[in-house]
Amino acid sequence: MKLSREQYLKARDFILTNARMIERRLFHYHFEGGPAKGVFHAVYAYRNRDGGFGHGMEPDTASPESQPLFSVMALETIEEVGLLNKELLLSDFMPYFEEVTTDKGGVPWMFRPTSSYPCADHFKTVKEWAALSTTAPLLGILYKYEVDIPWMNTADQFVWQELDRLQEKHLFCHLCTPRRLQFLQFHPDRNRAKKELKKYKDWLQTSEIICDDYADEGWGLYGKPHRLYFAPHPNDVLSDSFTTSDIARDLNALIQKQKPDGRWDTWYGLSEGMKLEWAGIQTLWTLKTLKAYDRIEF
746 MKLSREQYLK ARDFILTNAR MIERRLFHYH FEGGPAKGVF HAVYAYRNRD
796 GGFGHGMEPD TASPESQPLF SVMALETIEE VGLLNKELLL SDFMPYFEEV
846 TTDKGGVPWM FRPTSSYPCA DHFKTVKEWA ALSTTAPLLG ILYKYEVDIP
896 WMNTADQFVW QELDRLQEKH LFCHLCTPRR LQFLQFHPDR NRAKKELKKY
946 KDWLQTSEII CDDYADEGWG LYGKPHRLYF APHPNDVLSD SFTTSDIARD
996 LNALIQKQKP DGRWDTWYGL SEGMKLEWAG IQTLWTLKTL KAYDRIEF
């Protein structure tokens, strides 16, 4: 099964009429030959004077304060379109990350907003301690671009300690998985990284975290991930953890989940506008995944 051209055009129109500028520019880049520089400028619209990124870069909050998670998201997006380099990393990103690093050597996930701007309840009670989901991907990118700065030594110790401590108890959010994998993919200690990756693959194949109930309205959302979140591209590091037939079934189910207006939906969002923003993010992710598996009739 493939997404028909008519279905693809509906998804395109949904993104272009409802999604944020950042998703629209990413769509232009991935599907219509748009310039990477357009994505860069859309990302930097969220940047603050302290070098961090805020202003609701994740639609769960409208608060302007810089947040470590949003800054990692910005970094990942710049890399996605091929504009990241060592110089940009050190000049535009690391000063902020070094400033917010805790005594343990890790970067917090989020800080509680100090403004009165609307935000989701879970931000108001967030634990402001060092997190694997922000520190690991940052280190992975630094290793990938062969950066060597003193900050990395303590951060590296923190990540390994967290991997040993948490094991798989913290996988409520499948979106954290690619960020952990990036650390393991590019870590210079290849033997240690490969052993950790094998442990993760073994757990993934024996756990019950994958949701196979395609009729479940929560299929593919928090707590009920499908295989494609762990392997959004056939060449991803976790792709060999799943059979070809299982991946094919999930792809078919994903195509069938498209709504009549072209979107792939989520239940997230404080308002109808924020729900549309989340749907734009989800629709773009789905199109990129279907394209990677050659499941779109252009």
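Sequential numbering of the sequence shown, starting at 746, is according to my numbering. Glycine is no exception: its CB is placed at the ideal position from the N, C-alpha and C atoms.
Please return the same chain residues whose Cβ sits closer than 6 angstroms to the Cβ of residue i, not counting the five positions on each side in sequence.
| i | result |
| --- | --- |
| M839 | none |
| H800 | Y791 and P809 |
| Q927 | P882 and G885 |
| G796 | P840 and Y841 |
| G779 | H773 |
| N763 | L1021 and G1025 |
| L877 | E907 |
| H915 | Its pLDDT being 49, under 50, H915 is placed unreliably by the model, and nothing is read from it. |
Given a cut-off of 8 angstroms on the beta-carbon distance, is the pair residue i and residue j in contact?
| i | j | result |
| --- | --- | --- |
| Y959 | A998 | yes |
| F759 | R1008 | yes |
| T847 | A875 | yes |
| F842 | F815 | no |
| Y996 | F772 | Per the sequence shown, the amino acid found at residue 996 is Leu instead of Tyr. Contact flag unset, no. |
| Y967 | H932 | no |
| Y862 | A807 | yes |
| T755 | D1006 | In the sequence as displayed, the identity of residue 755 is Lys instead of Thr. In contact: K755 and D1006 (Cβ atoms closer than 8 angstroms). |
Within the same chain, show all residues whose beta-carbon is closer than 7 angstroms to that of residue i, passing over the 5 residues directly before and after it, in chain order.
| i | result |
| --- | --- |
| K969 | C956, D961 and G963 |
| T1031 | L999 and W1009 |
Report yes or no: is there a C-beta of chain C within less than 8 angstroms of the C-beta of residue i?
| i | result |
| --- | --- |
| E843 | Absence of chain C from the displayed structure is noted, only one protein chain being present. |
What residues in its chain sit with their C-beta under 8 angstroms from that of residue i, if we drop five residues either side in the sequence?
| i | result |
| --- | --- |
| K869 | R857 and P858 |
| K782 | L828 |
| A900 | T846, G850, G851, V852, T880, L883 and L884 |
| G1014 | P804, D805, K1020, L1021, E1022 and W1023 |
Which residue comes first and which comes last in the alpha helix (DSSP H) that contains residue i?
| i | result |
| --- | --- |
| N898 | W896 to L911 |
| N936 | R935 to T951 |
| Y841 | M839 to V845 |
| Q1027 | E1017 to A1037 |
| T880 | L877 to K889 |
| R765 | Premise fails: R765 is in no alpha helix (DSSP H) and is neither H nor E. |
| D981 | Counting along the chain, D981 falls outside any alpha helix (DSSP H), and DSSP gives it neither H nor E. |
| A998 | T989 to Q1001 |
| D866 | D866 to K869 |
| K969 | Where K969 is concerned, there is no enclosing alpha helix (DSSP H), given that its DSSP letter is neither H nor E. |
| P813 | P813 to E825 |
| G783 | A781 to Y789 |
When burial is assigned at 16 or more other CB atoms within 10 Å of the CB, is residue i buried or exposed?
| i | result |
| --- | --- |
| W854 | buried |
| G1018 | exposed |
| F917 | Confidence at F917 is low in this model, with a pLDDT of 46, below 50, so its placement is unreliable and the value that follows should be read with caution. Counting Cβ neighbours within 10 Å, F917 comes out exposed, since fewer than 16 surround it. |
| P813 | buried |
| Q1001 | exposed |
Can you find a heavy atom of the ligand MN that lies under 7 angstroms from the Cβ of residue i?
| i | result |
| --- | --- |
| I760 | Ligands are entirely absent from the displayed structure, and the ligand MN is therefore not among its contents. |
Given 8 angstroms, three or more beta-carbon pairs between the segment 787-798 and the segment 815-827: Short answer: they touch.
Three or more C-beta pairs below 8 angstroms linking the segment 890-897 and the segment 938-955: The segment 890-897, when compared against the segment 938-955, does not touch it at the 8 angstroms Cβ threshold.
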